[in-house]
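Q: The structure that follows is given in the form of structure tokens.
Protein chains: 2
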Amino acid sequence: MSSEASETYGDPQTRTRILDAAWRLVEETGAEFKLADVASRAGVSRQALYLHFGDRSGLLVALVDHIDKSLGSESLRAEVFGAPTGVESLRRWVETMSWYSAKIDAVTRVLETAQYRDEAMTAAYRNRMDRRQGLLRAIIDRIAGEGGLAEGWTQEEAAQLAYAVTLPSSWRELTRELGWTAEEYADRIWKVLERALVSRVG
Amino acid sequence: MSSEASETYGDPQTRTRILDAAWRLVEETGAEFKLADVASRAGVSRQALYLHFGDRSGLLVALVDHIDKSLGSESLRAEVFGAPTGVESLRRWVETMSWYSAKIDAVTRVLETAQYRDEAMTAAYRNRMDRRQGLLRAIIDRIAGEGGLAEGWTQEEAAQLAYAVTLPSSWRELTRELGWTAEEYADRIWKVLERALVSRVG
DNA sequence: GGCCTCACTTGACATGCTGTCAATCTACCA
DNA sequence: TGGTAGATTGACAGCATGTCAAGTGAGGCC
Numbered sequence: 101m102s103s104e105a106s107e108t109y110g111d112p113q114t115r116t117r118i119l120d121a122a123w124r125l126v127e128e129t130g131a132e133f134k135l136a137d138v139a140s141r142a143g144v145s146r147q148a149l150y151l152h153f154g155d156r157s158g159l160l161v162a163l164v165d166h167i168d169k170s171l172g173s174e175s176l177r178a179e180v181f182g183a184p185t186g187v188e189s190l191r192r193w194v195e196t197m198s199w200y201s202a203k204i205d206a207v208t209r210v211l212e213t214a215q216y217r218d219e220a221m222t223a224a225y226r227n228r229m230d231r232r233q234g235l236l237r238a239i240i241d242r243i244a245g246e247g248g249l250a251e252g253w254t255q256e257e258a259a260q261l262a263y264a265v266t267l268p269s270s271w272r273e274l275t276r277e278l279g280w281t282a283e284e285y286a287d288r289i290w291k292v293l294e295r296a297l298v299s300r301v302g
Numbered sequence: 101m102s103s104e105a106s107e108t109y110g111d112p113q114t115r116t117r118i119l120d121a122a123w124r125l126v127e128e129t130g131a132e133f134k135l136a137d138v139a140s141r142a143g144v145s146r147q148a149l150y151l152h153f154g155d156r157s158g159l160l161v162a163l164v165d166h167i168d169k170s171l172g173s174e175s176l177r178a179e180v181f182g183a184p185t186g187v188e189s190l191r192r193w194v195e196t197m198s199w200y201s202a203k204i205d206a207v208t209r210v211l212e213t214a215q216y217r218d219e220a221m222t223a224a225y226r227n228r229m230d231r232r233q234g235l236l237r238a239i240i241d242r243i244a245g246e247g248g249l250a251e252g253w254t255q256e257e258a259a260q261l262a263y264a265v266t267l268p269s270s271w272r273e274l275t276r277e278l279g280w281t282a283e284e285y286a287d288r289i290w291k292v293l294e295r296a297l298v299s300r301v302g
């Protein structure tokens with residue numbers, strides 16, 4: 101259960117091949133992807149997965165990290181924080197998040213369903229969500245610092261609300277099920293957040 | 101897969117015993133509950149579950165229905181619609197939903213994770229969500245009819261936003277993970293919806 | 001060249017749960 | 001006496017995960 105899968109086992113190239121294969125397979129088949137399929141697609145033995153990642157959860161945890169690195173989530177973060185104002189920063193965040201969600205939705209869904217499987221999974225998922233909350237908190241703090249936070253909210257409450265409103269499940273429901281485009285999502289959710297959390301100027 | 105489990109098999113009492121056992125077990129153990137455990141807790145054979153519900157998905161679908169009936173979701177609906185105004189109706193809906201979510205969260209979570217398992221599951225889940233959307237749409241229409249809908253939204257958009265903001269996953273995150281009480285949830289989410297969707301009077 | 005180690009393969013196997021089947025049991029009813 | 005609905009029993013197939021032990025093969029080291 102949730103073996104740590106020693107940080108450094110094997111050839112990094114093999115590891116990457118496995119992760120890429122897993123990624124594609126998750127995109128195609130969702131949460132029911134099989135390790136045997138990942139292995140065969142990556143051109144390695146099923147056993148190799150266990151050697152590299154310990155178990156299914158270990159693979160998923162590594163996959164999330166792999167994807168973040170592949171999509172350059174760091175630079176996205178920088179772009180959001182590079183906004184001239186806190187309010188603009190929040191708007192950019194919503195926009196960026198919408199774009200990003202579209203790319204990782206399949207994997208996110210798997211993560212969500214596996215979220216309670218074991219300790220390692222839970223930790224990995226919470227960690228991810230905690231980082232997101234922290235980011236939003238920083239943005240809200242900046243808005244508050246600039247006097248832009250609507251009255252009636254503490255900074256913590258505002259950040260948590262922004263976080264809850266922009267959860268992946270909500271993004272998925274609005275775009276995948278109700279047919280909103282990523283752009284419509286960004287525009288409308290932004291409008292909600294602006295009206296609810298940002299003080300009216302003038 | 102997703103056998104229909106003939107609408108009327110066996111003793112209704114047995115059926116109820118099984119569903120109650122399943123309910124409690126889901127509350128305790130979450131999505132990984134085992135059919136064998138449900139059976140033994142209900143005091144019936146494992147086979148009985150298959151005779152009554154066809155398969156795991158069939159049991160889940162029946163469980164949701166069973167719970168709705170047990171909690172008298174019909175009367176709740178009536179209370180929400182009995183509000184004097186559309187805006188008050190929406191406020192009551194949020195409040196009621198918060199209370200209701202607390203009772204069925206465990207089952208909802210199982211539903212969510214099982215949502216893509218097969219056709220029957222998907223249909224049952226979507227059906228549930230569609231009803232909720234319909235309800236919100238009716239409330240929003242009433243608000244619009246009373247001239248209370250904020251400008252910038254179509255009625256459909258407003259209803260879908262209200263729906264997305266009040267998704268179970270969001271409720272869970274805010275209460276279970278971030279520690280909000282059901283009341284705080286209702287108050288704050290209502291405030292968000294009001295500011296975002298309801299036109300300012302005067 | 002001999003040797004060792006790392007990276008990985010191979011094949012077998014235990015485990016655990018779902019779903020299916022056929023045979024059997026037991027009231028209750030006609 | 002017979003039949004039938006409701007359920008039990010036990011066996012079994014299928015399938016995925018995870019574990020184990022032995023083997024292969026390429027490089028590096030002395």
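Those sequence lines, one after another, are chains D and H. Residue numbering for the first sequence follows the numbering used here, beginning at 101 and increasing consecutively. Residue numbering for the second sequence follows the numbering used here, beginning at 101 and increasing consecutively. C-beta: ideal position from N, C-alpha, C; glycine also.
1) Note down, in chain order, each residue of its chain lying with its Cβ closer than 7 angstroms to the Cβ of Trp280 (chain D), except the 5 sequence neighbours on either side.
2) Within the same chain, show all residues whose beta-carbon is closer than 6 angstroms to that of Met101 (chain D), passing over the 5 residues directly before and after it, in chain order.
3) Chain H partners of Glu273 (chain D), CB-CB under 7 angstroms?
4) Between Ala105 (chain H) and chain D, is there a C-beta pair that is closer than 7 angstroms?
5) Between which two residues does the alpha helix (DSSP H) carrying Asp218 (chain D) extend?
6) By the criterion of Cβ-Cβ separation under 7 angstroms, what are the contact partners of Thr213 (chain H) in chain D?
7) Verify the CB distance criterion: does Tyr285 (chain D) have a CB-CB separation below 7 angstroms to chain H?
8) Going by DSSP in three states, Leu236 (chain D) sits in which element: helix, strand or coil?
9) What is the rounded straight-line gap between the Cα of Leu278 (chain H) and the Cα of Arg232 (chain D)?
10) Using beta-carbon positions only, say whether Val340 (chain H) and Val210 (chain H) come within less than 7 angstroms of one another.
11) Using Cβ-Cβ distances below 7 angstroms, what residues of the stretch 237-263 of chain H are close to chain D?
12) Quick one, are the C-beta atoms of Ala282 (chain H) and Ala183 (chain H) less than 7 angstroms apart?
13) Would you report the Cα separation of Gln113 (chain H) and Ala148 (chain H), rounded to the nearest angstrom?
14) Measure the CB-CB distance between Arg272 (chain D) and Asp205 (chain D) and report whether it falls below 7 angstroms.
15) Any idea if Thr185 (chain D) is buried or exposed, counting beta-carbon neighbours within 10 angstroms, 16 or more meaning buried?
16) Using Cβ-Cβ distances below 9 angstroms, what residues of the stretch 172-198 of chain H are close to chain D?
17) Comparing the C-beta of Ala296 (chain H) with each C-beta of chain D, is any distance below 7 angstroms?
18) For a contact meaning CB atoms closer than 8 angstroms, what does Lys291 (chain D) contact in chain H?
19) Flag Tyr200 (chain H) as yes if its beta-carbon sits less than 7 angstroms from any beta-carbon of chain D, otherwise no.
20) Using a beta-carbon distance cut-off of less than 9 angstroms, what residues from the stretch 124-136 of chain D approach chain H?
21) With DSSP collapsed to three states, give me the class of Leu267 (chain D).
22) Apart from the five residues on each side of it in sequence, which residues of its chain come closer than 8 angstroms, Cβ to Cβ, to Leu151 (chain D)?
23) Using a cut-off of 9 angstroms between C-beta atoms, extract the partners of Tyr216 (chain H) located in chain D.
24) At least one CB of chain H closer than 7 angstroms to the CB of Ser270 (chain D): is that the case?
25) Quick check on the burial criterion: 16 or more other C-beta atoms within 10 angstroms. Buried or exposed for Leu214 (chain D)?
26) Is the CB of Ala235 (chain D) under 7 angstroms away from at least one CB in chain H?
27) If you follow the alpha helix (DSSP H) that Phe158 (chain H) is in, where does it begin and where does it stop?
28) Quick one, are the C-beta atoms of Trp290 (chain H) and Arg192 (chain H) less than 7 angstroms apart?
29) Which value, in whole angstroms, describes the spacing of the CA atoms of Lys169 (chain H) and Ala122 (chain H)?
30) Please go through the same chain and pick out, in chain order, the residues whose beta-carbon is closer than 6 angstroms to the beta-carbon of Ala105 (chain D), but skip the five residues on each side of it.
31) Against Arg288 (chain D), what residues of chain H qualify as contacts under a CB-to-CB distance less than 7 angstroms, listed in chain order?
32) What are the boundary residues of the alpha helix (DSSP H) that Val117 (chain H) is part of?
33) Does Ser102 (chain D) come within less than 7 angstroms of chain H when only Cβ atoms are used?
34) Mind checking who Val298 (chain H) pairs with in its DSSP beta bridge?
35) Between which two residues does the alpha helix (DSSP H) holding Ala139 (chain H) run?
36) Within its chain, find whatever has a CB closer than 8 angstroms to the CB of Thr222 (chain D); leave out the 5 residues flanking it on each side and keep chain order.
A: Inspection of the coordinates gives the following:
1) Leu274
2) With a pLDDT of 41 at Met101 (chain D), under the threshold of 50, the modelled position of this residue cannot be trusted; read the value that follows with caution. So the list reads Asp218, once near-sequence residues are dropped.
3) Ala264 and Leu267
4) In this predicted model, Ala105 (chain H) has a pLDDT of only 46, less than 50, meaning its place in the structure is not dependable enough to derive any value.
5) Here Asp218 (chain D) belongs to no alpha helix (DSSP H), and DSSP marks it neither H nor E.
6) Thr213
7) no
8) helix
9) 13 angstroms
10) Any question about residue 340 (chain H) goes unanswered here, given that chain H covers just 101 to 302.
11) Gly252, Glu257, Gln260 and Leu261
12) no
13) 12 angstroms
14) yes
15) exposed
16) none
17) yes
18) Gly252 and Ala296
19) no
20) Gly130, Ala131 and Glu132
21) coil
22) Tyr109 and Gly110
23) Gly130, Ala131, Glu132, Arg209 and Thr213
24) yes
25) The sequence given here places Ala at residue 214 (chain D); Leu does not occur at that position. Result: buried.
26) This sequence places Leu at residue 235 (chain D); Ala is not what is there. Not one chain H Cβ lies under 7 angstroms of Leu235 (chain D).
27) Phe is not the amino acid found at residue 158 (chain H); the sequence shown has Gly there. Gly158 (chain H) -> alpha helix (DSSP H) spans Arg156 to Ser170.
28) no
29) 15 angstroms
30) Any reading at Ala105 (chain D) needs caution, since the residue's pLDDT is 47, under 50, leaving its predicted position unreliable; the model's value is listed next. These residues qualify, in order along the chain: Phe153, Gly154 and Gly158.
31) Glu257 and Leu261
32) Residue identity check: residue 117 (chain H) is Arg in the sequence provided, not Val. Unbroken alpha helix (DSSP H) run through Arg117 (chain H): Pro112 to Thr129.
33) Here the model assigns Ser102 (chain D) a pLDDT of 43, short of 50, so the residue's position is not dependable and the matter cannot be decided.
34) H:Leu249
35) Leu135 to Ala142
36) Gln215 and Tyr216
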